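Chains as they are written, first to last, in the numbering used here: chain B, 1 to 151; chain C, 152 to 494; chain V, 495 to 823; chain A, 824 to 1105; chain L, 1106 to 1766.
The beta carbon of each residue, even a glycine, is placed where N, CA and C say it ideally should be.
None of these values were measured; they are calculated from a predicted model.
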Amino acid sequence: MLLEEKTSQEQAFEPLIVAFCCNWCSYAGADLAGTSRLQYPANVKIIKVPCSCRVNPNFVLRAFQKGADGVVIAGCHPGDCHYSTGNYFTRRRFTLLMNMLDFIGIEKERFTVDWISAAEGSKFAAVMNGVLEKVHKLGPNRKMRDKRWKR
Amino acid sequence: MKKIAKDRLPELLQKMAEAGKVYAPVNKGGKTNFSVWQPGDAADLTTLRSAVPAKSVLFPQSETYLRFAQQGKKLSIETVGGEADEYVLFGVRACDAKSFALLDKVFLSEPVDQFYASRRELGTVVAVACREPEDACFCRAFDIAADAPAGADVCVWDTGDDLFWLVQTEKGERLTARLAGLLEDAGAADDAALPALQAQIRAQLDELPLAALVAEKKHQALKQLFDDEQWLACSESCLGCGTCTYVCPTCHCYDIQDYDTGTGTERSRCWDSCMFSDFTQMAHGNPRKTQKERFRQRFMHKLVYYPNNYNEIACVGCGRCLEACPVNMNIVKVMKKIGGEAR
Amino acid sequence: MEKIAAAVRERAKRALATGEVDRVFAWKRGEFWYDVTPAVFETADETDELLWDSFCVANLSKYLTGAVRQGFKVGVFVKGCDALAFNQLLQDNRISRENVRLFGLPCPGMVDPEKLKKAKRYRGVRAVARAGDVLALQGKHGEQQVEAPAYLYDKCLVCRHPNPVVYDELLAEPQPVRTPDSDRFALVNELEAMSAEEKFLFWQEQFDKCIRCNACRNICPACSCEKCIFDNGESGVAAKANADSCEEQFFHLIRAYHVAGRCVDCGECSRVCPAGIPLHLLNRKIIKDIQAIYGDYEAGLDPNVPAPLATYRLDDADPFDGHQKGGKK
Amino acid sequence: MSCSCSTHKRDPLVPQVAVIDAMRVDTPDVTTFRVKKPAGGQAFSFMPGQCAMLSVPPVGEAIFSITSSPTEKEYMEFSIKRCGAVTDHLHALEAGTEIGIRGPYGNAFPVETALKGQDLLFIAGGIGLAPLRSVINYVLANRDQYGKVDIVYGARSASDLVHRQDLFETWPAAPATQVHLTIDRAEENWAGHVGFVPQFVKELGFSLDKTVLVCGPPIMIKFVLQGLEEIGFRRDQVYTTLELKMKCGVGKCGRCNIGDKYVCKDGPVFRCDELEALPDEY
Amino acid sequence: MQRIGVFVCWCGSNIAGTVDVAQVAQSAAAMPGVVYAKDYQYMCSEVGQNMIKQAIAEHGLTRVVVASCSPRMHESTFRKTAAAAGLNPYLVEVANIREHCAWIHKDKAEGTKKAIALTRAAVAKATLNAPLVAGESGVEKRALVIGGGIAGLQTALDIADAGYAVDIVEKSPSIGGKMAQIDKTFPTLDCSACILTPKMVDAATHENITLYTYSEVESVSGFVGNFEVAIRQKARSVDAKKCSGCGLCAEKCPSRKAKSEFDEGLRTRGAIYIPFPQAIPNVPVIDRDECTYFKTGKCGLCSKICPASAVSFEQADEVITQRYGAIVVATGFDMIELDKFGEYQYGQHPDVITSLEFERLTNAAGPTGGKFVRPSDHKKPKKVVFVQCVGSRDTSGRGKPYCSKICCMYTAKHAMLIRDKYPDVEASVFYIDVRTPGKNFDEFQRRAVEEYGVQYIKGMVGKIFPEQDKLMVHGVDALSGETVVIDADLVVLASATKAKDDAEALGRMLSISTDTHDFFTEAHPKLRPVESHTAGIFLAGACQGPKDIPETVSQAGAAAAKAIGLLSKKKLVTNPCVTTVNEALCSGCLACEKICPYGAIAAKTIELTNNGVKETRVVAAVNEALCQGCGGCTVACRAGAIDLKGFTNRQIMAEVDAICF
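(1) Do we get a CB-CB distance below 8 Å when we pair C:Gln408 with the residues of chain V?
(2) Taking Cβ-Cβ distances below 7 Å as the criterion, which residues of the segment 737-753 of chain V are in contact with chain L?
(3) Name the DSSP bridge partner or partners of C:Ser213?
(4) When you compare the CB positions of C:Phe266 and C:Thr416, do they come within less than 8 Å of one another, or not?
(5) Closer than 6 Å by C-beta to C:Val276: which residues in its own chain qualify, once you throw out the five before and the five after it? Chain order, please.
(6) What residues from the segment 312-344 of chain C come within 7 Å of chain B, judged by C-beta to C-beta, listed N to C?
(7) Report yes if the CB atom of L:Val1433 is closer than 8 Å to the CB atom of L:Val1596, and no otherwise.
(8) Nearest to L:Ala1604 by alpha carbon, out of L:Leu1576, L:Ser1509, L:Thr1679?
(9) Under the three-state reduction of DSSP, which class applies to L:Ser1150: helix, strand or coil?
(10) Roughly how many angstroms separate the alpha carbons of B:Lys123 and B:Gln65, rounded to a whole number?
(11) Of all the CB atoms in chain L, is at least one closer than 8 Å to the CB of B:Ser26?
(12) Taking all protein chains shown into account, do 16 or more other C-beta atoms lie within 10 angstroms of the C-beta of L:Phe1570, making it buried, or fewer, making it exposed?
(13) Using a Cβ-Cβ cut-off of 8 Å, state whether V:Lys573 counts as contacting chain C.
(14) Pop quiz: B:Trp115 and B:His77 are said to be a contact at Cβ under 8 Å. What is the actual Cβ separation, rounded to whole angstroms?
(15) Since A:Tyr976 and A:Ala947 are thought to touch, with beta carbons under 8 Å apart, how far apart are those beta carbons, to the nearest angstrom?
(16) Using only the alpha-carbon positions, how far apart do L:Val1424 and L:Ala1610 sit?
(17) Who are A:His1016's beta bridge partners in DSSP?
(18) Identify every residue that forms a DSSP beta bridge with C:Val483.
(19) List, in chain order, every chain V residue whose beta-carbon is nearer than 8 Å to that of B:Pro57.
(20) Assuming C:Lys154 contacts C:Trp316 under a Cβ cut-off of 8 Å, what Cβ separation, rounded to an integer in Å, is found between them?
(21) Counting along the chain, where does the beta strand (DSSP E) carrying L:Asp1266 start and finish?
(22) Could you give the DSSP three-state label for L:Arg1393: helix, strand or coil?
(23) At least one CB of chain B closer than 8 Å to the CB of V:Phe694: is that the case?
(24) Could you tell me which residues DSSP puts in a beta bridge with B:Ile46?
(25) If we ignore side chains and look at the alpha-carbon of each, how far apart do L:Pro1176 and B:Gly86 end up?
(26) Since I believe V:Pro658 is in contact with V:Gly574 (beta carbons under 8 Å), could you give me their beta-carbon distance rounded to a whole number of angstroms?
(27) Contact criterion: CB-CB distance below 8 Å. Does B:Arg145 meet it with respect to chain C?
(28) Chain B partners of L:Lys1219, CB-CB under 9 Å?
(29) I want to verify the contact list: residues of chain D whose CB lies under 7 Å from the CB of C:Pro438, in sequence order.
(30) So L:Ile1377 packs on L:Cys1404, CB below 8 Å; how close in whole Å?
(31) According to the Cβ coordinates, are L:Asp1594 and L:Pro1486 closer than 8 Å?
(32) Taking the CB atoms as reference points, tell me whether V:Pro600 and V:Ala501 lie closer together than 8 Å.
(33) Quick check on A:Ser825 - is its C-beta less than 8 Å from some C-beta in chain C?
(34) Can you confirm whether C:Ile482, when its beta carbon is compared against all beta carbons of chain V, has any partner nearer than 8 Å?
(35) How many angstroms separate the CA atom of L:Cys1348 from the CA atom of L:Ala1415?
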């Protein structure tokens, strides 16, 4: 019923969410979400990285350029990093990047960092559902899109 | 000669824009540049030098000119560069107008660069004389008349209250005809005022710090100039950025790059700078290894190579590089040092 | 200032004459009153051309990387901001302290010729003399005195370190700090208060002017990579031109990010930008954030203090936490 | 100003479609590509020594010398060594794939003027044989118009010798043609000469009335020229072909100049006395 | 361009149920570089694997992409398959279309679309995969155990029994640690010394064990299997080889001011002393800070009377460098200082003592000879009050926020022991919660209450006021809400445990991390509780977190097993997904080095000719054996000079592009 009430334009908007997940916690958390058959939208597509600290800001901007409407970085909870300190750096790096994106007018809601352990399949699904909801409200990301890239 | 009250300039531009694009100097975000004039834009006739030279209209900083589509092993190629419609380039200064002639020699020599040629062909250039030349100007060293711009289709003078409008070419004539309802015939008083205005401009030019600068083709042998030991001293402060190149109305080096659009390929060319370290970098080496060599290339090109090939120095004395160089190194200093008057 | 200039010349001459250093990096007079070029001096005789005036804005520290690497002993003059830059280069292992003789120059603030131009005080000027905060503009038709502060570079008006933070010898009396530090972030605060749309439009208009000349990068004392990723075809992010506006966003965001915690806020990026983009605001935003979130840190003050992005604290602020707690929904 | 409507006139930067007809692996890093128009035949006419720009979207363009002789009307050949993104991509393609091609670029060896009737000495190293092969085959196709032909060719190892069929069968069988091969270091199953090309040339000791065409790595060219001078050859007897970074191929983009000469337009073939007048920046 | 084969797995109906696998294979066939695409019911089955092998051979595949379940499941399977077909195993990529797709989506069209996108990303990444070869390194067959308490001793004995050489480094003059100070152990009330001493002797006499007492680790370098450790053996001033351990020197030493560490300061010792009677080695040590000879150059009595002439004032510290294959950290714990807890009068009033002091006080070999008297007047107390959680579970910042874990049990033990020996003494315990999970623990505590009549009061003590010879303990009974005041003769504070003060420094030396409270962090809280994040370094005992003896001993055994497992290997295979430095791009800023948690990056000076000018330049160099492949350094590197094999910048960006297709 709710779906029908949406305008056709809203329906046409299928957000693309790129999620960088660390191998040890969040990727495994996503696996657990799958194993537990928890539903989250197909718009979320995951790229595996060894650690959230492997995610370069370049990748985030690249994803926005290439049409991602939202980008997620998910890593182990601070203190639980497989590489002991990786996500502490992730935390600092992307605190600054998030603020910078905000500063040039990219909505903060398009960029999410969250800590999801291997045991938190349900959190994984919840985070992704939440991200999608926020991005859906914002609509398509046009601000950083490379207009030459055809999706 | 025609004229129009200066405050009616927006109407004039509006009229021009009805027939096609008009490029005019407009201040956006604090800098004046040539951009497609939109109703409401105020054409800036005060700023002498646009931050980016007017060459950007004829030779855009970046231009996609090809599209490739691949289907299996099949390839199709579509040309998308160049200009298809007539347009007006309004508000060019004498130096920039002269730069077009210099660029013509490169781009219109065989094999003709069709993208440049189409823009040159379809554009009507309206030049504006410089009422108040600035300290960094040295166009006069190249016999460019800031008081009477050459090489444009129409010449305009800003008297303060009026814009004098003098047709130079047939193209200019056609444009003028289109603007008939707006432009009025100048009177005898105006005809007399123009030489006075020009003389006043020339008097100012006489006063400029670089008024005495002489720019003539260097008489020494190419190799002798190339090996001049002053190059090192001149280039030592150079940061290797491309500011001088990109603000230069005569620099025309470009790069060609492919972009994967996800579903095909777009090929574009963009301005490049011989000051950049990777300009001549090849897999197995670089013939211009240090900034000295790259710096030398840029100025040898302007002062020696281009003159050897086209009999003119590739500089119009616009002064942009004097203003823009982060460390104030520039062509005037080089002209004075290399094979010239020892200071 | 002339008196100090004489001392500067004298000191350079002595350093070269005695063999204390092989080269001296300093400033040299150009074509105009405001036209000063960085220059390398190799013999004592050349030092007569050496200059110290209100237009010696160029930072000489970055020139040291090449000379020091080639094993020369060099002398260099540093203003406050130059000294911060020097320390940053030191922290990045781009220069070694042992081979450098640092001559500190307390800086009264440098004069922006553009401001004189805008104030219509520019035409006909042939020379500028300075005594304290009074500028004497000497032209053909006599002399005109103006207050210097009105014509200083914006960056000099919020200068925190007019006096070098590192030097081997100081060649003049220290200068007082001009304005309270807080002014520095005024524009950042203003922008922060805007809506996302407004912010985006502001930067869009600014980035649209970018011509990718790389002046901001090449002047930057924190941008000292052997080869910048934007010049490296292999990096996958290199792009030379503004083929699409997103590339300028990418370039400037990443450049600002790369100097995050390393930017000494010398303001040179904005000064040299031929398109007049206020690039320093991106850096100041980061500096502001770092100070607010990770505590006082000033790049270039002490090369031995770890940079904010090279370290962490277990209890660092976590602006992400709380977006989605638990997952028991 | 000529007519410049871009839709009607092909810009020199716009390639035409050609198809890779066949690929032959010559050495571990050199493959020879046979390219023709989709309908068959050369993409454009050219003379030996000229180059063509090959396009492989989305990687880009690179310039290569044409290694086949213009007398071979059905196709054009390019011997391409892997050394970067474009060449890597080319090597990974399969026969039948279409690519872009534009040209011809640059000048040619003066096969119809200065070389006519002359005894010719070709000296090549490694992939440097590619442009000379075009000349050799042109000369052999018009055999009666030229004097004796000597070909000195060397490579790092026997497996790095390109165009083996020409080297071992076709050329030695041609009238008044001699092939002299060398490799840098001795190896098993190699009965031929061992040593570097410049030294080999000196050892072979040619008569001084020959016209010489040299191509190879810069360092080889340098020492060959020195050696030839020592033997007594004049610089104006020697031709070489140069390679610099190129983008446009039409003398406009500004990279490949040596002094006031553009390698893509005024070169790539230079007589060595002409080169001497130019700055040493190549 | 590569020749890529794509294999799409149905996983029965697990994937095929929500993903049109045939369509995925069909779409994959059109992706750049893909020359072969096939779907099959179970790719992981033998038939499926053979299909892959065959396709590699027949189609000359240079890369393999399997679209199937999570790579955490079968990546290694398919890598082995590829290897068996002669393809480098790292040229395989897995697209997770089961857990990340089929299982979470219901709509088949949607699932199929996503599966295609994920496959495209894997293809894009695989295109850029490079063959990787795992390196090998040897293993030094010797273990180092840092700490000679019960954890260290047990670990060392277990490793030594397995036939490997073990060195124990103990900071204090004797092994034994905290357990040696304890009187009885819960919940069995064994005599602590009786069960510990044999282990100490075993360790001292074991042919595979070398003891370095009064020694400290000074530096650690190297990596798993190949650590190099410098051990500083502090000067004892007594030649251990000559000393017979007669103890005459300690007895005659005229200096008597030093407080005995072993007896928690409840009595003094000589400047030359043996820490406790059962100390091993039984060799005295001169406390040079206390020794008159060292302070003034006079005295030297011990030297004069030593029958073996073993006293050597000239002895100097010695640094021993030794190579080890494995390191076990067993440095134990300490009790917090109570100076911030003024309300309890500790340090102000001699009759307020800590639990550890209480252990000494009740020990037969202790300062009172086992006589239960209070420190102030050596009178037997009538009322003893125990206060639990002194600094534990304390979020005020004065103490520690965690539970010290052992206090409930030892407090019950103390109270029980008093009531057992002296039924006339009243024992009361103030507690927040009683936490007694553990075999026979709860029964033990209940016995204290039920059999021995220890009075348990739920509530905290607000303040203690000394009144004449009494200590007025003011507390609140949280259950009744009433204020309780007890006129105690002795108050025993169960002070919180804490990590050793030098734990963080040692952690840095070893490149292992510590948590907020400086306890060493285990590699995984559940699955790898005795490993540190650094390969080859293991954790045992209370240095990892508060623990009782049985837990400590079992963890020590586990750590030993891990160490033995490591030492028994002939070769170690290193993870090939490590970072490499492109020296041409590296500007030597060493930002990478600063963030590497493993100390795997170091500066290296290279010489190069730059445009004909010889230059020396500093660049970063990666020790592949140490690198664990987190990739954090790659982001710190602005120029992209350092990149992570298997997850290169280009690869990840290719994935991004492919996903955004």
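From the atom records:
(1) yes
(2) His752
(3) C:Cys421
(4) no
(5) Leu240, Val243, Ala303, Asp304
(6) none
(7) No. Outside cutoff.
(8) L:Ser1509
(9) coil
(10) 28 Å
(11) no
(12) It is exposed - the Cβ of L:Phe1570 has fewer than 16 other Cβ atoms within 10 Å.
(13) no
(14) About 4 Å separates the two Cβ atoms, so the contact holds.
(15) 5 Å
(16) Taking the Cα positions, L:Val1424 is about 19 Å away from L:Ala1610.
(17) A:Thr1005
(18) Note: C:Val483 sits in no beta bridge, so no partner.
(19) Leu747, Ile748, Tyr751
(20) About 6 Å; that satisfies the 8 Å criterion.
(21) Unbroken run through L:Asp1266 is the alpha helix (DSSP H), 1255-1266; no beta strand (DSSP E).
(22) coil
(23) yes
(24) Paired residue(s): B:Ala19.
(25) 22 Å
(26) 6 Å
(27) no
(28) Ala42, Asn43, Val44, Lys45
(29) Going by chain labels, chain D is absent from the structure shown, which instead holds the protein chains B, C, V, A and L.
(30) Going by Cβ atoms, the distance from L:Ile1377 to L:Cys1404 rounds to 10 Å, so no, they are not a contact pair.
(31) yes
(32) no
(33) The predicted model places A:Ser825 with a pLDDT of 38, which falls under 50 and marks its position as unreliable; any figure quoted below should be read in that light. Yes, A:Ser825 counts as interfacial toward chain C.
(34) no
(35) L:Cys1348 and L:Ala1415: Cα-Cα distance of roughly 5 Å.
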